[in-house]
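Going by the working numbering, the sequence shown opens with residue 13, and the numbers climb by one from there. For glycine and all other residues, C-beta sits at the position ideal for the given N, C-alpha and C.
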Amino acid sequence: METQIATTDSEINTNETVRQAVALLQAGDLVALPTETVYGLAADALDPAAVEKIFAAKERPHFDPLIVHVHHKDALYEVAEVPEEIRKTVVKLTETFWPGPLTLVLPRRATIPDLVTGGLDTVAVRQTDHPVFHRILRNFGGPVAAPSANMFGQLSPTSAQAVVDQLDGRIPLIVDGGACGRGLESTIVKIFPGEKKPIIEVLRPGPITEIDLKKFGKVVFAKRNEVVEDSAPEAPGMLQSHYAPHKPLRLLERPEDFSPEEGKRYALLSYRGQQKDGYLDLHEWDEIAILSPGSGRVAEAGIRLFHVIRQLDFSDVDEIISEPFPDRGVGKAILDKLRKASS
Ligand code: AMP
Ligand code: MG
C-alpha cells in the first residue's frame, strides 16, 4: 500500500486534506491525524471492520483498548453512559478540560464495538484540541477510535515524519498538522463517587496534572502493578514495555549506578543540562540532549521528550541513558514513559 502525506499548510490544501480524510474514514479506512498530544491513527469507531485495521496496522494486541474521540462535549453521551452519581464531576471536567488532553473512562454504550473496548464494559473518551482533527471529526459526524499512530510498543509519534518512519506502507494517509503541542499522551482518569468528595483515579499520567485535577476531587494514582506481557492490563499504558526506541534506553535513577562498558557509546538524555544534577560530568558522553535547558520546566521537557528520544535513536550511540525527572506535574508522565521505555 502506498502511504500518502497530506499537508495543511494553506486553507486550500487543508480543505482538500479534510475532504480526503473524511472520505477515507467513511470508506472504513485508516487515517493518521495530528492531535495536541501525539499523532493518532483514526478509524470509524462504530465500524468493527475499520477498527480491526487499526490493530492490524499497529500490530496491537486486541486486549489493549482504544480511545474514542468525539467532536463535541455532548457527543460523549452517544458513546458512554454517565452514571448519575458522577455526572456533575464529568460535566465539570469536560467543561474545564475539553477540548484537551484529558480522557475519561466511563461505562460504555452498547453501540461501541467490543473491539474498541477490548471487551471491557467501559470506554475511554476524549475531545481533542487540534483544529484539523476537529474539522475532520465534525465533517465525518461520528466518533472515531484513535490510539497513537505508532507500531505497538514503540515510540509515540509527535510529528508526521515520525508516523512515516513507523507506518509507511501500512496506512493510506497521514495528515501533516505539524509538531504536537503537548507531546505526551492524554491523561486518562476514572471517576468514583467517593464519600466526602469524588475520587479521580489517574490511570495514565499526562499533560493534565494532579494540580489541575484536584479542584474536582481527591486525586489518586493507579498502582503500577506488575503486568505480564500478554494479559490484559488492569489500567491503560500499564504494559511493561512501551514507548521504546530501537536503541536500549535506561533511566538512571541515581548517577552512582552508572558503570559504562568499555568501547560502548552512550548518549545522555538530560532534564536541564545542569552540572549540579550529577549527570553531565559523569561520563564523556558521545551525545547530550537537553530537554529543558536552564532551571528546567517539566512541561517543556514533556513536549520535547518523544521527539528528542527519536533523534537520539538515529544518532551514532549504543545506548541512551536518561536522567530522572521530578516526580510532580508533567514529570510524572515523563517518568512513566521512561520507566516503560527502559530496557
Ligand atoms: P494509546 O492511544 O495508544 O495510548 O492507547 C490508549 C490507551 O487507553 C491504552 O493504553 C488503553 O489501555 C487505554 N484505555 C482505552 N480504553 C480503556 C478503558 N476502557 N479502560 C481503561 N483503559 C483504557
Ligand atoms: Mg500508544
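Cβ pair residue 264, residue 334 closer than 8 Å: Cβ distance < 8 Å, so residue 264 and residue 334 count as in contact.
Host beta strand (DSSP E) of residue 299 (start-end): 299 to 302
Sub-8 Å separation of residue 327 and residue 303 beta-carbons: no
Apart from the five residues just before and just after residue 319, which ones in its own chain have a Cβ nearer than 8 Å to its Cβ? 170, 171, 174, 191, 195
Going by DSSP, name the residue or residues bridged to residue 334. BP columns for residue 334 point to 263, 281.
Indicate whether residue 159 and residue 82 have their beta-carbon atoms separated by less than 8 Å. Not in contact: residue 159 and residue 82 (Cβ atoms no closer than 8 Å).
Taking 7 Å as the line, does the beta carbon of residue 151 fall inside it for any heavy atom of the ligand MG? Because no heavy atom of the ligand MG lies under 7 Å away, the Cβ of residue 151 does not count as near it: no.
C-beta contact flag for residue 129 and residue 203 at 8 Å: Judged by their CB atoms, residue 129 and residue 203 are not nearer to each other than the 8 Å cut-off.
Whole angstroms are fine: how far does the CA of residue 120 sit from the CA of residue 133? 6 Å
If you run the structure through DSSP and keep just helix, strand and coil, what is residue 119? strand
Taking the beta carbon of residue 168 as the centre, do at least 16 other beta carbons fall within 10 Å, making it buried, or is it exposed? buried
The beta strand (DSSP E) that contains residue 138, what's its start and end? 134 to 138
With H, G and I counted as helix, E and B as strand and the rest as coil, what does DSSP make of residue 214? strand
Taking the continuous alpha helix (DSSP H) assigned at residue 17, which residues delimit it? Premise fails: residue 17 lies in the beta strand (DSSP E), 16 to 18, not in any alpha helix (DSSP H).
Cβ-heavy atom distance between residue 160 and the ligand MG below 7 Å? It does: the Cβ of residue 160 is within 7 Å (strictly closer) of some heavy atom of the ligand MG.
Tell me whether the beta-carbon of residue 78 lies closer than 8 Å to the beta-carbon of residue 184. no
So, under 8 Å CB-CB, residue 197 and residue 259 are touching, yes? Tell me the CB distance rounded to an integer number of Å. Residue 197 to residue 259, Cβ: 21 Å. No contact.
Just mark residue 162 as buried or exposed, buried being the case when its beta carbon has 16 or more other beta carbons within 10 Å. buried
Span separating the alpha-carbon of residue 47 from that of residue 317: 16 Å
Helix, strand or coil for residue 241 per DSSP? For residue 241, the predicted model reports a pLDDT of 39, less than 50, meaning its position is unreliable; a value from the coordinates is still stated below. If DSSP states are grouped into helix, strand and coil, residue 241 belongs with coil.
Identify every residue that forms a DSSP beta bridge with residue 160. BP columns for residue 160 point to 52.
Residue 112 classed as buried or exposed, judged by whether at least 16 other C-beta atoms fall within 10 angstroms: buried
How long is the line joining the alpha carbons of residue 179 and residue 40, rounded to whole angstroms? Cα-Cα distance, rounded: 18 Å.
In whole angstroms, what separates the C-alpha of residue 44 from that of residue 145? 10 Å
According to DSSP, is residue 166 helix, strand or coil? strand
Give me the Cβ distance between residue 279 and residue 293, rounded to the nearest whole Å; I'm assuming they're in contact under 8 Å. Not quite, the Cβ-Cβ distance comes to about 15 Å (not below 8 Å), so this is no contact.
Using a threshold of 7 Å, is the CB atom of residue 117 nearer than that to any non-hydrogen atom of the ligand AMP? Residue 117 Cβ: within cutoff of the ligand AMP.
Smallest Cα separation from residue 27: which of 208, 231, 187, 218? Ranked by Cα distance from residue 27, the options 208, 231, 187, 218 are led by 187.
Hey, is residue 139's beta-carbon within less than 8 Å of any beta-carbon in chain B? In the structure shown, chain B cannot be found, because there is only a single protein chain.
Spatial distance of residue 60 from residue 13 (CA atoms): 21 Å
Would DSSP call residue 329 helix, strand or coil? In the structure shown, residue 329 sits in coil (DSSP, three-state: anything other than H, G, I, E or B).
Output the distance between the C-alpha atoms of residue 209 and residue 230, rounded to the nearest integer angstrom. Spanning the alpha carbons of residue 209 and residue 230 requires a straight line of approximately 7 Å.
Which residues does DSSP list as the beta-bridge partners of residue 202? 117, 213
Near the ligand AMP: residue 197 beta-carbon under 7 Å from a heavy atom: yes
Would residue 116 and residue 201 be called neighbours here (beta carbons separated by less than 8 Å)? yes
Coarse secondary structure for residue 248, derived from DSSP in three states: Unreliable positioning characterises residue 248 in this predicted model, as indicated by a pLDDT of 47, which lies under 50. A coordinate reading is not provided.
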